[in-house]
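J.: Handing you a structure now.
2 protein chains.
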Amino acid sequence: MTTVSSSTRSRGNRRAEILDAAARLFAARGFHGVSIEDIGGAVGVSGPALYRHFNGKDALLSEMLLDVSSRLRESAGAVVTSASGPDETLDALLHVQITFAIEQPALITVHDRELGNVPEPQRRQIRRLQRLYVEEWVTVLAELHPECPAARLRAATHAAFGLLNSTPHSAGELPAQEMRPLLHAMARAAINAAVKDH
Amino acid sequence: MTTVSSSTRSRGNRRAEILDAAARLFAARGFHGVSIEDIGGAVGVSGPALYRHFNGKDALLSEMLLDVSSRLRESAGAVVTSASGPDETLDALLHVQITFAIEQPALITVHDRELGNVPEPQRRQIRRLQRLYVEEWVTVLAELHPECPAARLRAATHAAFGLLNSTPHSAGELPAQEMRPLLHAMARAAINAAVKDH
DNA sequence: TTCGGATGTTAGTCATCATTAACGAAATCG
DNA sequence: CGATTTCGTTAATGATGACTAACATCCGAA
């Protein structure tokens, strides 16, 4: 059979390298605050070399966000289908989001800031994935508290995301070992408070 | 006595109008994604007219962020000096932040995204005000839980801000009447969970 | 009424930047 | 060994955008 050619491997590596560097730069300075030259420079090549790997700056951002929202939704889907009970499922969802927020703070940042710069029709698809992800959470919360109106559950979910995605702001305050359970406990408590008495 | 001349009044209004429109645009598309023309257009004048009111785009952003961080710190200072007890003080701080987040979502958004685009030396001053604001929270939390390490309190504070500042994301999910107590309850519960057992 | 400042306007100017062109070297494959 | 693909490079090119200049207009005050 055909083995993975080294060209395929290096191409993939270079692409990933570029996506990674671009994510960091976009998170720090915003999509329009970063030039193609900047991104190329960050991976040791110069400017237009990027066009060997992506169709353009927009395509780069599109792929980045599509990848993030796919992975999040996929993880959430896996968690939900292998669920034992709603309570454990919620903990597992928290685990997914916390892992992502701690390990990929730049991607998380770009993910919730730069959707507006993605051109249609990718925009629509990313929106769809984001919505599905939120709905996984809302569904689990609704199982736990069927009497709570969906709008409230959705607002609570967004608030929980805001809490969890604060990691880029408190970078360095605490080691990940402590940050992880702290975020879990805070988010869990916040969600419980949100659905209490409804 | 000298009355406020109409020129002063209209100048102030126009300046405020510009800052308001610019905040909304910056929040939606990012600092570099908005042109001077865009901002002018949003208030019914065209492009270079802005230079009659601000020294440039950077100065506009600087003033916007300086104003926000001053107001937040000032409010927090007022709350803390007129405090009855740490518990009520924390509630009052929550009230301040929630009011701001609900009434000025665009400003809050710009405030925590665009500091990187403010030139020195204003950058330093805004940073200073932001830090002082955080420290007001940390001080109050430390009074409530002296055994909790400051780093953890700081991380918890940032997480609470993330939760409260999620309003732009859940815009329209709930009316402000419901959003307000929901955010208060969630943030309060999250903070309590953060300091428990420390 | 006349002067001056405040506030706009339109038409440059100069940088920056995304994108494309044209061209080279290294590696893969026949 | 060639030949083709892959991955880079350095120069255009064309748009966009911040900022400045030169020129109105309006309005309050002397």
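In the order they appear, the protein sequences are chains V and C.
What the first sequence shows, in my numbering, is residues -13 to 184, in sequence order.
What the second sequence shows, in my numbering, is residues -13 to 184, in sequence order.
Even glycine gets a Cβ: it sits at the ideal position worked out from N, Cα and C.
Because the structure is a prediction, the values reported are computed rather than measured.
Identify the contact partners of Arg138 of chain V in chain C, using a Cβ-Cβ distance below 9 angstroms as the criterion.
T.: By Cβ distance, chain C contributes Glu159, Leu160, Glu164 and Leu168.
J.: Grouping DSSP H, G and I as helix and E and B as strand, with all else coil, what is Ala137 of chain C?
T.: Helix at Ala137 of chain C.
J.: The alpha helix (DSSP H) that contains Arg113 of chain C, what's its start and end?
T.: Taken as a continuous stretch (DSSP letters only), the alpha helix (DSSP H) holding Arg113 of chain C covers Gln108 to Leu130.
J.: Leu149 of chain C versus chain V: which residues are under 7 angstroms apart at the beta carbon?
T.: Per Cβ cutoff of 7 angstroms: Ala145, Gly148, Leu149 and Ala176.
J.: Using CA atoms only, rank isn't needed, just tell me which of V:Val96, V:Ile84, V:Ser61 and V:Glu133 is closest to Leu149 of chain V.
T.: For the residues V:Val96, V:Ile84, V:Ser61 and V:Glu133, the minimum Cα distance to Leu149 of chain V belongs to V:Ile84.
J.: Helix, strand or coil: how does DSSP classify Gly102 of chain V here?
T.: Gly102 of chain V falls in the helix class under three-state DSSP.
J.: Tell me which residues share the same chain as Ser56 of chain C and place their Cβ nearer than 7 angstroms to its Cβ, disregarding the 5 neighbours each side in the sequence.
T.: Leu115.
J.: How about Ile177 of chain C and Ala141 of chain C: do their beta carbons lie closer than 8 angstroms?
T.: Contact: no.
J.: According to DSSP, simplified to helix, strand and coil, what is Leu79 of chain C?
T.: Looking at Leu79 of chain C - three-state DSSP - the assignment turns out to be helix.
J.: Return the first residue and the last residue of the alpha helix (DSSP H) that Asp44 of chain C is part of.
T.: Taken as a continuous stretch (DSSP letters only), the alpha helix (DSSP H) holding Asp44 of chain C covers Lys43 to Thr67.
J.: Residues in the region 1 to 14 of chain V with C-beta within 7 angstroms of chain C's C-beta atoms, listed in sequence order?
T.: Listed by position along the chain: Ala14.
J.: If you measure between the beta carbons of Leu168 of chain C and Ala180 of chain V, is that distance less than 8 angstroms?
T.: In contact: Leu168 of chain C and Ala180 of chain V (Cβ atoms closer than 8 angstroms).
J.: Could you name the residues of the region 49 to 62 of chain V whose beta carbon sits closer than 9 angstroms to any beta carbon of chain C, in the order they occur along the chain?
T.: Flagged: no residues at all.
J.: Please report the straight-line C-alpha distance between Asp44 of chain C and Phe12 of chain C, rounded to a whole angstrom.
T.: Their backbone Cα atoms lie some 12 angstroms apart in a straight line.
J.: Out of curiosity, what's the CA-to-CA distance linking Leu36 of chain V and Arg15 of chain C?
T.: So the two alpha carbons sit approximately 24 angstroms from each other.
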